[in-house]
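Q: Going by mature numbering (1 follows the signal peptide of the UniProt record, and there is no 0), the letters in the sequence shown line up with residues -20 to -1, 1 to 443, in that order.
C-beta atoms are modelled at their ideal positions from N, C-alpha and C, and glycine is treated no differently.
Every value quoted in this text rests on a predicted model; they were computed, and no experiment measured them.
My questions will all concern the structure given below.
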Amino acid sequence: MNAFLPLGLVLLTLPSIAMAESSPRLDKTANDGWAQTNPEDDWEQWEQEWSEPQTSPWRTITGFGELGGGSRLQSQPSLSNDHLGSSTLGMGRLRLEGGYDGESATISFRGELGYDWVTEDAISEFRELVVTSSISSSTALKLGRQVLTWGTGDYLFLNDLFPKDWQAFFAGEDDEYLKAPINAIKLNQRLGSAYLDLVYMPEFEADNALIGERFYFFSPNQGQLVAPNYRAEEPNDDAGALRLYGDWQGVELALYGYWGYTGQPVATTPQGEAVHSRLNAYGISALSPVGRGLVNMELSYHQSLGDNSPCNQNVCYPNLDNDNQEPPQGDVPEDKVLALIGYQQEISTGLTLSLQYYLEHIRHYQRYVDAQTHPEYASDQNRQLLTLRLGYLALQDRLSLNFFGFYSPTDEDFYLKPSISYRLSDQWQLSAGVNWMDGKQQHTFFGQLEENSNGWMRLRYYY
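What follows is the structure, encoded as structure tokens:
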């Protein structure tokens, strides 16, 4: 049943199509379409129209061409029916960006064409294809395919439950590609000194997870690494999200809500088939200057819900006939509490330091362990994660050095992500880096990815 269909119908029947910027707070002082036009400026505007040539409403087409390649850093595991090669990244793409700026609405697009030599698939997608316009001086709407994001975490997403592309992330593609596009309607409403974002997604879209298409992962049922190249069927249902945010005495505060499904198929059927389970999430975040830096805190409660057919105990079976079949029982995740605290500061000219502590607490832990087919591989009740980021800019920002590291003291595993980028000219940019994952045990999150450690390089030409 489409729980968010009424919200979608309300948004679709609004008198015009509009939008606020995807994530940041709106500028309350700049005349960016939210401020009213001053009638006293009409004469000055008339003079400018005579003295200045009229510009086309069509934006100049820009974009880039890119080639990228990457390979594993070590020998592959000996698996039966192993279809994976040594390459983890091999692509060529052409990006086109443009749009139309009309008087009452704008159209923006970012499209890509190319080829992926690892999966042997063509690349053909719109990362953005949206219509934007203001309904009033305080209301805006954005309709179409778009990338949505919010929250305060750095590579850690507590309340940002929009789809992610984890294959792109671990293969060494640009960070932009970690955030996957989705078809959505986003309404932004100014409420005095606060702002409200309402997002309706007519069709739930899952993460591009590690499914064995180019990376190995650990299977508890087989007790070893596998690469099945199996993609779980996505529930045929809608989803929704909201964010209420604003400033209070210099502190940026936000409340979040999400109603949909888990981005990755974390539940299983009695036959061991991975499926997406229903998920509601509620959270809060704060961002404030402290000393010479910024402190961010974020909290989220992930609630697993039971629902009517074709779902049972949060497990959804897209192929069942709602009228004639009762879904069987399946294993589902327990509710979780996620917490994050972080600090970032420029410690010297061009050098920035960022630290984070992340906690993931599983509620009803004994029930969770008892439900596991292989309890020896169960997650820790309080999984902890520490992160460190160092970023350095030099040579008039043409040289960028970055290091990001994850370490889990509970899982005893890590992920190191160093990279370098150099702007050869205004058009050419060369980037390279390493994704190094390892752990004490093969079944932990980063430990299972040891055989996927890779080095990568990308060359990009802007036009």
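1. Restricting to runs no shorter than 3 residues, where is the beta strand (DSSP E) found entirely within the stretch 171 to 237?
2. Kindly indicate which residue of L190, W228, S51 and N201 has the alpha-carbon position closest to the one of P245.
3. If you draw a straight line from the alpha carbon of F44 to that of A102, how long is it in whole angstroms?
4. Rounding to the nearest angstrom, what Cα-Cα distance links T119 and A85 in this structure?
5. Using three-state DSSP, classify V270 as helix, strand or coil.
6. Helix, strand or coil for V349? Go by DSSP, reduced to three states.
7. Tell me whether H423 sits in a helix, a strand or coil according to DSSP, three-state version.
8. Tell me, to the nearest whole angstrom, how far the beta carbon of G50 is from that of W436; I am working on the premise that it is less than 8 Å.
9. Give the DSSP bridge partners of D418, in chain order.
10. For W439, collect the residues of the same chain with a Cβ closer than 6 Å to its Cβ; drop the 5 residues on either side in sequence, then sort them by chain order.
11. For a test of the three-state rule: what should DSSP assign to W146, helix, strand or coil?
12. Return the chain-ordered list of same chain residues with a C-beta closer than 6 Å to the C-beta of W38, the five sequence neighbours on each side being excluded.
13. How should R272 be labelled, buried or exposed, when 16 other C-beta atoms within 10 angstroms of its C-beta is the threshold for buried?
14. Quick check: what's the CA-CA separation for G252 versus D145?
15. Just to check my reading of the structure: T129 and F142 have Cβ atoms closer than 8 Å, yes? What is that Cβ distance to the nearest angstrom?
16. So, for W239: in the same chain, excluding its five sequence neighbours on each side, which residues have a beta-carbon less than 6 Å away from its beta-carbon?
17. Is it right to say P247 is buried, meaning 16 or more other beta carbons lie within 10 angstroms of its own, or is it exposed?
18. Taking all protein chains shown into account, do 16 or more other C-beta atoms lie within 10 angstroms of the C-beta of R223, making it buried, or fewer, making it exposed?
19. Under 8 Å, with one C-beta from each stretch per pair, do the stretch 196 to 213 and the stretch 148 to 164 reach the 3-pair mark?
20. Quick one: grab the DSSP three-state call for E156.
21. Using CA atoms only, rank isn't needed, just tell me which of G70, T329 and Y338 is closest to L279.
A: Short version:
1. 174 to 181, 197 to 199, 204 to 206 and 219 to 228
2. Looking at the Cα atoms, L190 is the closest of the given residues.
3. 17 Å
4. Roughly 13 Å between the two C-alpha positions.
5. strand
6. Three-state result, V349: helix.
7. coil
8. 3 Å
9. F394
10. Contrary to the premise, residue 439 reads as Leu rather than Trp in this sequence. Excluding positions up to five away in sequence, the list reads L47 and L410.
11. helix
12. Y80
13. It counts as exposed.
14. 24 Å
15. 6 Å
16. G220 and N260
17. The question names Pro, yet the displayed sequence has Ala at residue 247. A247 comes out buried.
18. buried
19. no
20. helix
21. The residue with the shortest Cα to Cα distance from L279 is Y338.
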